[in-house]
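Input: a single structure, listed below in structure tokens.
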Amino acid sequence: MADQGKNQQRGGSANRGGGGGGGGRGRGGGGGRGGGGGRGGGGSGGGGGGGGRGGGGGGGGGGGGGAPQRPPTSQQVIRHHVQQQARGGGRGAGGASQQRQPAPQAVPPPVQQQPQPLPANAFPPLAGPPPIRNAWGIPRVTAPPVAAVSPVAAPTLRPSTAPPPTTTPVAVAVGVSRESGNLAVPTVASGSGGSGAPSTGVSALTESVEQLCVEEKGQGDALQLVMRRPGAGGFATKGRVIQVVVNHYGIKFGRDQVIHRYTLGLAGSSNGRPINAPGRPIRAGLKRDIMTAFRRANPDGVLGAGEGQEIAFNKADEIFTGHPLIGVGNEPRTYQFPMTVEGDSRVYQCEVTLTRSWELNAVQLMNAIRASNTAAAGGLSVEDCIRPIDAILRQAFLSSQRAIEVGRSLFVPSSTFELPEGLQGVTKLYASGHLSGLAEQLAVVVNTSAGIFYKEQPLFGLEASFLKDRGTRIPSPQDAGNFQLQRGREVDLVNDYIKGLKVTYEARNLDGQVYESTKTIQGLSQQGANGQVFELKEEGQAPRRITVENHFLEKYQIPLNFPQLQCIQTSTNPERKTYLPMELCTVKKNQQLLDVIAPTVLQVMIKCCALSAPRRMNMTHAERTGLENSQFRNPVLKDFGLDVKGAMATVAGHVLPIPTITQNNKPFRVRNDQCSWQSDQERLQSPMPLSRWILIGLEKFNVDEFVNNFLDVGNRFLGMTIAEPLRFIRDVNVNNVATYLKNNLPDFIKDDVQLIVFVVPDNPKESPAHKAVKPLLEVQNGIRSQFIKRKTAAAYNRMANVLRKVNVKLGGVNHVFSRPLFLKDINTMLIGADVTHPNGAGLRTRPSLAAVVGSMDMGMLTYKAEVRPQVNPRGRLKETITNFEEMVDKLFAAFPLPNGPRAIFYYRDGVSEGQYAQVVTEEFNAMVRAFTERYKREPSITFIVVTKRHQTRMECAKEGDAVGIARNVPPGTVVDKGLCSVKFYDWYMVSHYGIQGTSRPAHYIVLLDQNGFSADDLQELSYALTYGYARCTRSVSLPIPVYYAHHAAFRAREHLGDGLYPDISSDNPVTVRKALADIQALVTPRDAIKNGGMYFL
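In structure tokens form, the structure reads like this:
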């Protein structure tokens, strides 16, 4: 029997759940650990065998014995129906006449070691023929609804009382208990042996499915299937154990606390004009003012006696309370009250409409979130349950009077630092609920960053600081008496900087009368108040022309002290310009800079925000402590019965071993603390010759020194065989370089130039020449280029890094990282993808650009890129890649092996949690279609999302474990327990050495793993890939497929430029397709560049 169980591990020879067969791990095999049949279920004529999990077999399928199972939930029953329909009743249905299917023969794996079996956490097939076996000989398991070739949408699954179509009729009765209102326990009746008693078989049959997927309530109430962490092999075991402190605080509600939700409607008017016109929703700041006034007014005592209870609300127009609102029921009720706003002379007439939505005991809410069980929370999704927690925490920080709300973000105005150009940095606060894996509890993630604001100051002071830091002039406030902007360039420069800024206008006349209001700057006059003339029209008098200075003196009796200063324009009507003297205007406080950040500002900003890990965590903890202290209980937390723990969570992590780095087939010693190696004087792994190149100087520099260093490092050390430049062109104007190139490109092409090197004065990416040259050379003429900063050109010790970029652009390989053993001799392809979007103003007229890269060698080091423009429908960001099938097919076509890769790892950036199911459904299906069409077999894909757009930060619990000046966690630190999600298969990894500031971990989420690798395998590969970055000799923060896709997308954005190109905002699909085709031509490099190396680095 032992041998029999060993040979028939998952339910005998009857295709995972038919009849007969022995036990082993089968959870119900006859004579083993249960009755006859496969995983859980009575066998058809199985040989008895009581006990075990799942019931013994009693002759003809039925069941008894064994430990009692919990009654199945409604969602289990739904999944049971789907599986029965998809598999013809194969897995788990007891039936005497069940037809046995011969098991497919396993294909021997291509490696010596036995491959790991496919884990029970992959997606079950929901439709289609019996599973096809993949490259490892393992039965294929596909993502939610995947047909063999054609795409399908995510399924909408609903309870059904109809029996599933099976070869033997099986009735599943589903009803609702009148006493409890819950779903009744289903019963299963078979042709023989069914007793009609509540079946533990259904629960046992669906138990494995419970491990496979997590349910989320998405749009249209569709069930979205997302992979869960496997029960075995889902946590890593390799590496040195380390204790890590994370910025997560545990939270809990009082046992008897009830959360009440109400829908919110806002309306009103000011000066007879509605504040919520169609297509113009109420801005976030005004919405908060209205709700603050509503709580203060407490109309009809709706909030309770006295000042009333605290309320929390969010952008989704939801209100949450800790006690029921008085007089508000299922029918909408409207409350009216007046409101005034500080700094605004208008009186608002406001209307707040409330309707009761739901109420839920906090303990039930917490249990529903922990279990990811929507049925336990009355059909609410996990996100529905966490939203009130986010709203409560936000309101708690605001009520502590430490934070203010600007737009939809929280800032701490008491925590600031100085920046150039009249700006200041203000601490930004983030707090959000999170389902922690530590004892499956709720936690709040608290983090701080910074935003850039205009300082509250006289408008002239802002103007003076701006001109000083831009290097135009150096005025001071004392210069206001004789300072005036130069007409033309200076006026235009300042105008662009302050346009849209809000100022408070305040003036006092000779009689002491005060004039004040808030205005928005629409422009700047070309002349001062003493020279700016306008036509004044007064009742009963002929129009006359008068200066702004004289007008203020005549009408308001306000003499100007600095009449030579420019005036601001505040009217949006070009026919009726309104001028205000600059000296009477002050920059309004709490205005955030939303424009492009100047390099000088960004440099100081980065320096000020680069806090060591202990300092950042202390700063974060200070904000948490500010919520309440021993003398003060936060009123919002008190009203909602919410308790936030006083200490950050400590979790266990592990530090992965460093892969071996090889260059010129020689291993290099990698420093454990910095994960870097010195190989500047060693031949590259695959150096490429450079025989035809041109040097162009856009800045004065020592040409002979640069050329000597370039040749010496490349030839003597790196083995590249670099010749003298064909020609050197000096002193080309940086603004005219494109014109020069156009005039000389025929000669360059005739000489078959491989590379043009440009030496520029400043950061190459910020040089106007960079934006002009890249599309001209790479897209239009097929010539590579390399930009070098003047200081770098003069530094011998930096030349090796420059030549590393050149070598990979020519098609070479710089260094090699050791290939993980579990992939030894397995043909593997890595694919990375990212999407870059235009700014908010251009979402309708400008395309997003999607980039997909794929590895082309066994070392997983050389990549090809495909880029496509795509439309954002109705101006809304589209993160999924529209032409993904075509793009990956191009990469498959370029893959050097005719039979394609055995294993594919797809690393995806730029996807948020709410898009997981969509990106799996669309992009995974597209990849399967492309692969199947080309290679006539199905692929084996591991699909991993990688993101750094999260708020989790770490520091070492023990000082001795920290590294570097910034005292960060050591490179290779992985946390996959405690702070990770109980919903997904994820981990956090810090793979790089933090030179300055606190290292931000990358968050990895495995959406699908058809290859069946363990957590140790996936983490080992992901970490090794951070050592393959071609531009430097150290590990980086992301796997190279993601990094390279990011570079390719941004290079395409640079190719497209800021100029005129086809508009994609048309409603005519033919016009849009034509526009996208034209844009495609603008972002696609010539084949010589695209196929000859990694041009995007």
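In this note's numbering, the protein residues as written are 22 to 1118.
Where a beta carbon is used, it is the ideal one built from N, C-alpha and C, also for glycine.
Predicted model, so just to flag it, every value in this text is computed and none were measured.
(request) Assign Gln245 to one of two classes, buried (16 or more other C-beta atoms within 10 Å of its C-beta) or exposed (fewer than that). (result) Confidence at Gln245 is low in this model, with a pLDDT of 42, below 50, so its placement is unreliable and the value that follows should be read with caution. Per the 10 Å Cβ criterion, buried.
(message) Checking the sheet assignment: what are the DSSP bridge partners for Ile809?
(response) Val780
(request) Using beta-carbon positions only, say whether Pro409 and Arg282 come within less than 8 Å of one another. (result) yes
(request) In angstroms with no decimal places, state the Cα-to-Cα distance between Pro359 and Tyr369. (result) 6 Å
(request) Put Arg988 into one of helix, strand or coil per three-state DSSP. (result) coil
(message) Using the three-state DSSP reduction, which class does Gly289 fall into: helix, strand or coil?
(response) strand
(request) Using only alpha-carbon positions, find the residue among Ser839, Thr599, His455 that is nearest to Arg690. (result) Ser839
(message) Taking the alpha-carbon of Ser291 as reference, which of Asn920, Thr525, Val362, Ile717 has the nearest alpha-carbon?
(response) Val362
(message) Considering just the uninterrupted stretch of the alpha helix (DSSP H) at Ile1061, what are its terminal residues?
(response) 1061-1077
(request) Would you kindly work out how many angstroms separate the C-alpha atoms of Leu1046 and Pro917, rounded to a whole number? (result) 20 Å
(request) Please state whether DSSP places Tyr817 in a helix, a strand or coil. (result) helix
(message) In whole angstroms, give me the CA-to-CA distance for Phe487 and Val524.
(response) 16 Å
(request) Tell me whether the beta-carbon of Leu849 lies closer than 8 Å to the beta-carbon of Leu870. (result) The residue asked about is misnamed: residue 849 is Thr in this sequence, not Leu. No, the pair does not count as a contact, with Cβ atoms beyond the cut-off.
(request) May I ask you to list the residues that DSSP assigns as paired with His455? (result) Ala464
(request) Let me know if Trp379 comes out buried or exposed under the rule of 16 or more other beta-carbons within 10 Å of its beta-carbon. (result) exposed
(request) Return the Cβ separation of Gly853 and Leu912 in integer angstroms, given the expectation that the two are a contact with Cβ distance under 8 Å. (result) Wrong, their Cβ atoms sit about 10 Å apart, outside the cutoff.
(message) Quick check: the Cα distance between Ile492 and Glu799, rounded to an integer number of angstroms?
(response) For clarity, residue 492 is Gly in the given sequence; the question names Ile instead. Computed Cα separation, rounded: 34 Å.
(message) What does DSSP give as the partner residue(s) for Thr355 in the beta ladder?
(response) Thr374
(message) Could you give the first and the last residue of the continuous beta strand (DSSP E) run that contains Gln891?
(response) 884-891
(request) Run the proximity test for Pro1060: is its beta-carbon closer than 7 Å to any non-hydrogen atom belonging to the ligand ADP? (result) As presented, the structure is devoid of all ligands, the ligand ADP included, so that no description of it is given.
(message) By the DSSP assignment, the beta strand (DSSP E) with Gln264 in it spans what residues?
(response) 261-267
(request) Please name the residue, chosen from Asp532, Val515, Lys540, that lies closest to Tyr526 on a Cα-to-Cα basis. (result) Lys540
(request) Within 10 angstroms of the Cβ of Asn582, are there 16 or more other Cβ atoms? Answer buried if so, exposed if not. (result) exposed
(message) At the level of alpha carbons, what is the spacing between Ala550 and Lys449?
(response) 39 Å
(request) Go through its chain and collect everything with a Cβ distance to Thr968's Cβ below 6 Å, but skip five positions before and after it. (result) His1024
(message) Given a cut-off of 8 Å on the beta-carbon distance, is the pair Phe731 and Ile750 in contact?
(response) no
(message) Can you tell me whether Asp1038 is helix, strand or coil according to DSSP?
(response) helix
(message) Tell me the rounded alpha-carbon separation between Val265 and Met387.
(response) 26 Å
(request) Report buried or exposed for Asn784, applying the criterion of at least 16 other Cβ atoms within 10 angstroms of its Cβ. (result) exposed
(request) Let me know if Thr901 comes out buried or exposed under the rule of 16 or more other beta-carbons within 10 Å of its beta-carbon. (result) buried
(message) Suppose only complete runs of 4+ residues qualify. What are the alpha helix (DSSP H) ranges in the region 945-997, listed by chain order?
(response) 946-956
(request) With DSSP as the reference, label Pro345 as helix, strand or coil. (result) coil
(request) Would you kindly report the start and end of the unbroken alpha helix (DSSP H) that includes Lys771? (result) 758-771
(message) Going by C-alpha to C-alpha distance, which of Gly327, Gly993, Tyr1014 sits closest to Ile679?
(response) Gly993
(message) Looking at Ile847: is its Cβ nearer than 8 Å to the Cβ of Arg895?
(response) no
(request) Compare the beta carbon distance of Thr963 and Leu1059 with 8 Å and say whether it is the shorter of the two. (result) no
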